[in-house]
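When you line the sequence shown up against our numbering, it's residues 3 to 200, in that order.
Every residue, glycine too, gets a C-beta built ideally from N, C-alpha and C.
These figures come from a predicted structure and were not determined experimentally.
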Amino acid sequence: MTEEKLLFQVSELKQWDYCPRVFYFIRCLPRIRPTTYLMEEGTRAGEDTAGLEERRSLRAYGLQSGEREFNVRVESAVLGLRGIIDMLIWQGEGKTRTAMPVDFKLSDKAGSHFALQVAAYALLVEEVFDVRVPQGFLYLIPKRSAEVVVLNNRILNKTRKTIEKMHEVVNREQIPAPATQIRKCIGCEFRRFCNDVV
Ligand code: SF4
Numbered sequence: 003m004t005e006e007k008l009l010f011q012v013s014e015l016k017q018w019d020y021c022p023r024v025f026y027f028i029r030c031l032p033r034i035r036p037t038t039y040l041m042e043e044g045t046r047a048g049e050d051t052a053g054l055e056e057r058r059s060l061r062a063y064g065l066q067s068g069e070r071e072f073n074v075r076v077e078s079a080v081l082g083l084r085g086i087i088d089m090l091i092w093q094g095e096g097k098t099r100t101a102m103p104v105d106f107k108l109s110d111k112a113g114s115h116f117a118l119q120v121a122a123y124a125l126l127v128e129e130v131f132d133v134r135v136p137q138g139f140l141y142l143i144p145k146r147s148a149e150v151v152v153l154n155n156r157i158l159n160k161t162r163k164t165i166e167k168m169h170e171v172v173n174r175e176q177i178p179a180p181a182t183q184i185r186k187c188i189g190c191e192f193r194r195f196c197n198d199v200v
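Okay, here's the thing in structure tokens:
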């Protein structure tokens, strides 16, 4: 009998990209982390943006037309991943139909960890809706601007490998190596669990 894969949240890829141990501690010691003000604020800002986006044109995304769908739930037992996409922009019909995931961020920088999340949404959308996903977007709330995330093989393969590594670590209950940049450990809420870092 094949064992069912755990379902990670897409947001957990961001934790992994920051430091695999942060992901591990939150996954394996879920009771030790309080919800921070920043997390709550990020959720509220995302909800406000969705409300405004319904009334805006798609100009910020460089698109002339498209249908918007908000808070789209996607899940894949194959990837072992699920998430709620802030906004999906649909274009075309039938076999030429495409979808572009948009992630709203309370940040003024489009970091690589955010791009990884958009790529994960793209993999989920491709599988769930059987459509092409040529690109995605990060909508930076403070700047009110959208950054394109090009979904090439490099980022899609990196995302697949990252998800596989996350499953491996949790299945084997194996603590990953510490963050490579020591500055991340200074002030880290999990530092007391990491005896091998400064
Ligand atoms: S202290 Fe450093 S290695 Fe440990 S979880 Fe935090 S960032 Fe990662």
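Helix, strand or coil at residue i [DSSP, three-state]
i	result
residue 155	helix
residue 73	strand
residue 189	coil
residue 100	strand
residue 13	helix
residue 58	coil
residue 177	coil
residue 199	coil
CA-to-CA distance, residue j to residue i, given in whole angstroms
i	j	result
residue 184	residue 22	14 Å
residue 36	residue 193	Since pLDDT at residue 36 reaches only 49, below the 50 mark, its modelled position is unreliable, and no value is offered.
residue 190	residue 157	27 Å
residue 81	residue 169	10 Å
residue 77	residue 166	16 Å
residue 86	residue 130	13 Å
Under 9 Å between C-beta atoms of residue i and residue j
i	j	result
residue 161	residue 15	yes
residue 164	residue 134	no
residue 195	residue 60	no
residue 72	residue 90	yes
residue 147	residue 19	no
Distance cut-off 8 Å: residue i Cβ against heavy atoms of ligand 3
i	result
residue 32	Absence of ligand 3 from the depicted structure is noted, with ligand 1 being the only ligands included.
Inset, instruction - Ignoring anything shorter than 4 residues or poking outside the region 103-170, list the alpha helix (DSSP H) runs there in chain order. - result: 114-131
Inset, instruction - Decide if the region 137-149 is in contact with the region 175-183; the criterion is three or more beta carbon pairs, one per stretch, under 8 Å apart. - result: The count of Cβ pairs closer than 8 Å, one atom from the region 137-149 and one from the region 175-183, stays below three, leaving the stretches out of contact.
Legend entry - Contact between the region 11-27 and the region 91-103 (3+ Cβ pairs under 8 Å): Contact between the region 11-27 and the region 91-103 is absent, because fewer than three Cβ pairs lie under 8 Å.
Legend entry - Sufficient close CB pairs (3 or more, under 8 Å) joining the region 108-125 to the region 147-158: yes
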